[in-house]
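*Asks:* In order, the protein sequences belong to chains A and B.
When we follow our numbering, the leftmost residue of the first sequence carries the number 91, and every step to the right adds one.
When we follow our numbering, the leftmost residue of the second sequence carries the number 5, and every step to the right adds one.
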Amino acid sequence: MTGRSVAAGALIGVGAAGFVDEVVFHQLLHWHHFYDKSTPAVGLVSDGLFHAFSWFAAVIGLVMVADLARRRGLMARALAGGAFTGAGAFQLYDGTIQHKLLRLHQIRYDVDIRPYDWTWNVIAVALILTGLWFLWAARRTA
Amino acid sequence: MHHDVAGQAVAAVGLLAALGYHLAATRLRSRGDRWPVPAQAAFLVGCLALWLAGLGPGTDHGTSTDAMVRHLLLGMVAPLLLVLGRPVTLALRALPAGPVRRGFVRALHSAPVSVLVCPPVAAVLDAGGMWVLFRTPLPAWAASRPWLALLVHAHVLGAGLLFSAAVCQLDPVRRRYGVVMRGAALVAAAAAHGVLAKLLWAQAGTVDARQAAMIMYYGGDIVEIALAAVLAAGWYAAGGRALRRGSAGARCGTGSSRCLEVAHGDDRLRPVQ
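Below you can see the structure in the form of structure tokens.
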């Protein structure tokens, strides 16, 4: 049940990170661009896969939580550990591989991008460390 | 502009399907069987979506945006709603025993159908057809050839139905597929849909064409989330049945295969597999 709680958390974390990316940065702030002329084809494929997977992961992760609760096997720390690690991993992949290497789109346009990139990726690492701390705590209590 | 034969055909299919479904559900209820109202409502709304896709506003002097909305209705929204109505199950229960029903069952169990409802095959047919439609001059050829337009519409609807049925797996087919394979097919097809929408946006020369690409991208997302929800709900319900079987088995001792349970969505008793 611990493993399934971690998996459910990781799916929800990826889904939540994708949701924040879409709603906050694309729709509310309009910082991210829908399409960037400098994006190579592999960047579009990576974006398409992660975009589709994040919605799917959110739905499946939430239903997995309902299933674990029904079986009385939901481990809160394991779930939180999976969620923070999943969200951080997605954020880090988005901030390094997708934004920088694949040049999908930048965080914001017409500004000095460096502080944005640093903030983005430092938050990603902080999320991963928080998740690992929860996972460590979950193992200790298990 | 010529008469939109393909659009009229789609609307007619929607009307006929609604009529047939309603007659079958009424037949079931008149003999005392139950048929869920939500399933019937979903199917009838799906038929309405077909009618709108065929003859809805903007069919004769179409902008790209209008065409895209109709395309989403025909290829994604209507198929999902129609599949939620579980029309195959209804037909199997409503058809009287005889050559028609036997032929229907034989067709359902045939090798081609078993291959077509395999999730990766259905995903390739659906997403592949979409790429051909948007990346070749096919729409331009179809604009002046009604029979080709009819064929394109039939493929969009048919492939959409096949894909939705393969992902949701609500109707009985001989070969069942697991959640992982169906989920992977859904994510892959949704990714192909999103990538194509962004390519269309990049190549769009007008505001209208860009708006159409945006509608394709986000409209596809909404239907993808709905498909994922149906997939997840099916998995959750199957887990619940397994849990109940487990507790029933505990009550009956080790010979749980002799226990009976009320099958999901069915008022008849079935032996546990």
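Cβ coordinates follow ideal geometry from the N, Cα and C atoms, glycine included.
1. Could you tell me which chain A residues have their CB closer than 7 Å to the CB of Gly243 of chain B, listed as they occur along the chain?
2. So what does DSSP say about Ala21 of chain B, is it helix, strand or coil?
3. According to the neighbour-count rule (16 or more other Cβ atoms, all chains shown, within 10 Å of its Cβ), is Tyr222 of chain B buried or exposed?
4. Between which residues of its own chain and Trp55 of chain B is the CB-CB distance below 7 Å, once the five residues before and five after are set aside?
5. Run through DSSP, which three-state label would Ala170 of chain A get?
6. Given this structure, state the Cα-to-Cα distance separating Ala2 of chain B from Val135 of chain A, to the nearest angstrom.
7. Please tell me whether Met5 of chain B has its Cβ less than 8 Å away from any Cβ of chain A.
8. Could you round the C-beta distance between Trp239 of chain B and Val183 of chain B to whole angstroms and report it? I think they count as a contact, below 8 Å.
9. Mind checking which residues open and close the alpha helix (DSSP H) that includes Thr129 of chain A?
10. Give the residues of chain B in contact with Tyr125 of chain A, contact being defined as C-beta atoms less than 7 Å apart.
11. DSSP state of Trp226 of chain A, grouped into three classes?
12. Could you pull out every residue in the same chain whose Cβ sits closer than 7 Å to the Cβ of Ala22 of chain B, ignoring the five residues on either side in sequence?
13. Can you pull out the residues from the stretch 144 to 155 of chain A whose beta carbon lies closer than 7 Å to at least one beta carbon of chain B?
14. In angstroms with no decimal places, state the Cα-to-Cα distance between His113 of chain B and Pro40 of chain B.
15. Taking the beta carbon of Ala107 of chain A as the centre, do at least 16 other beta carbons fall within 10 Å, making it buried, or is it exposed?
16. Near Val156 of chain B, what residues of its chain come up, given a Cβ to Cβ distance below 6 Å and the 5 sequence neighbours on each side ignored?
17. Between the alpha carbons of Val117 of chain B and Gly79 of chain B, how many angstroms are there, rounded?
18. Residues of the stretch 80 to 106 of chain B with a CB closer than 9 Å to any CB of chain A: list them in chain order, please.
19. Following the continuous alpha helix (DSSP H) through Arg74 of chain B, name the residue where it begins and the one where it ends.
20. Looking only at its own chain, which residues have a Cβ that is under 7 Å from the Cβ of Leu158 of chain A, when we skip the five neighbours before and after it?
21. Tell me whether Cys172 of chain B sits in a helix, a strand or coil according to DSSP, three-state version.
22. Going by beta carbon distance, what residues of the same chain come within less than 6 Å of Gly89 of chain B, once the five residues before and after it are set aside?
23. Compare the C-beta of Gly163 of chain A with all C-beta atoms of chain B and state if any pair is closer than 8 Å.
24. Which bits of chain A does Ile229 of chain B rub up against, with CB to CB less than 9 Å?
25. Distance check for Ala156 of chain A and Ala236 of chain B, CA to CA, integer angstroms please.
26. Once the 5 residues before and after Pro150 of chain B are set aside, which same chain residues still bring their CB inside 6 Å of it?
27. For Trp205 of chain B and Tyr125 of chain A, which I take to be in contact (beta-carbon distance under 8 Å), what is that distance rounded to the nearest angstrom?
28. Compare the C-beta of His141 of chain A with all C-beta atoms of chain B and state if any pair is closer than 8 Å.
29. Alpha carbon to alpha carbon, what distance is there between Val153 of chain A and Ser251 of chain B?
30. Could you compute how far the alpha carbon of Leu169 of chain A sits from the alpha carbon of His141 of chain A?
31. Return the first residue and the last residue of the alpha helix (DSSP H) that Arg186 of chain B is part of.
32. How about Leu190 of chain B: is its C-beta nearer than 8 Å to some C-beta of chain A?
33. By the three-class DSSP mapping on this structure, what secondary structure does Gly244 of chain B have?
34. Might you give, ordered along the chain, the residues of its own chain that have their beta carbon closer than 7 Å to the beta carbon of Ala95 of chain B, omitting 5 neighbours on each side?
35. For Lys127 of chain A, is the classification buried or exposed, using 16 other Cβ atoms within 10 angstroms of its Cβ as the cut-off for buried?
36. Suppose you measure from the CA of Val160 of chain B to the CA of Leu129 of chain B; what does that come to, to the nearest Å?
*Replies:* Quick answer:
1. Among the residues of chain A, those whose CB is under 7 Å from the CB of Gly243 of chain B are Asp157, following chain order.
2. It is helical.
3. Tyr222 of chain B should be labelled exposed.
4. Contacts found: Ala15, Gly18 and Leu19.
5. Correct three-state label for Ala170 of chain A: helix.
6. Because chain B here runs from 5 to 277, residue 2 of chain B falls outside it and cannot be looked at.
7. A caution first: Met5 of chain B carries a pLDDT of 41, below 50, which makes its placement in the model unreliable, though a value can still be read off. Using a CB distance cut-off of 8 Å, Met5 of chain B does not count as an interface residue toward chain A.
8. Yes, they are in contact, since the Cβ atoms of Trp239 of chain B and Val183 of chain B sit about 5 Å apart, within 8 Å.
9. That residue, Thr129 of chain A, is in no alpha helix (DSSP H); it is neither H nor E in DSSP.
10. Result: Lys202, Trp205 and Ala206.
11. Trp226 of chain A falls in the helix class under three-state DSSP.
12. Around Ala22 of chain B: Leu48 and Cys51.
13. Along the stretch 144 to 155 of chain A, the positions whose C-beta sits under 7 Å from a C-beta of chain B are Trp145, Phe146, Val149, Ile150 and Val153, read in chain order.
14. If I take the Cα positions, the gap works out to 25 Å.
15. Classification of Ala107 of chain A: buried, given that the 10 Å Cβ count is 16 or more.
16. Cβ-Cβ distances below 6 Å link Val156 of chain B to Ala146 in the same chain, with the five nearest sequence neighbours on each side left out; the list follows chain order.
17. Spanning the two alpha carbons is a distance of roughly 20 Å.
18. Along the stretch 80 to 106 of chain B, there is no position whose C-beta sits under 9 Å from a C-beta of chain A.
19. Run containing Arg74 of chain B: Ser68 to Leu76, per the alpha helix (DSSP H) assignment.
20. Contacts found: Met91, Arg94, Ser95, Ala98 and Leu164.
21. Residue state, collapsed to three classes: helix.
22. Within the same chain, Gly89 of chain B has close Cβ partners Ala43, Ala46 and Phe47.
23. Under the Cβ distance rule, Gly163 of chain A does not count among the residues neighbouring chain B, no pair being separated by less than 8 Å.
24. Result: Trp145, Phe146, Ala148 and Val149.
25. Going from the Cα of Ala236 of chain B to the Cα of Ala156 of chain A covers about 11 Å.
26. Spatial neighbours of Pro150 of chain B in its own chain (CB-CB distance under 6 Å, excluding positions within 5 residues in sequence) are listed in chain order as Val9.
27. That pair is a contact at about 5 Å.
28. Yes - at least one Cβ of chain B is within 8 Å of the one on His141 of chain A.
29. When rounded, the distance between both Cα atoms is 22 Å.
30. The alpha-carbon separation between Leu169 of chain A and His141 of chain A amounts to approximately 22 Å.
31. From DSSP, the alpha helix (DSSP H) with Arg186 of chain B extends over Val183 to Gln207.
32. Taking Cβ atoms only, chain A reaches closer than 8 Å to Leu190 of chain B, which makes this a yes.
33. DSSP, read as helix, strand or coil, puts Gly244 of chain B in helix.
34. Within the same chain, Ala95 of chain B has close Cβ partners Ala28 and Phe108.
35. Its Cβ having fewer than 16 others within 10 Å, Lys127 of chain A is exposed.
36. So the alpha carbons of these two residues sit roughly 9 Å apart.
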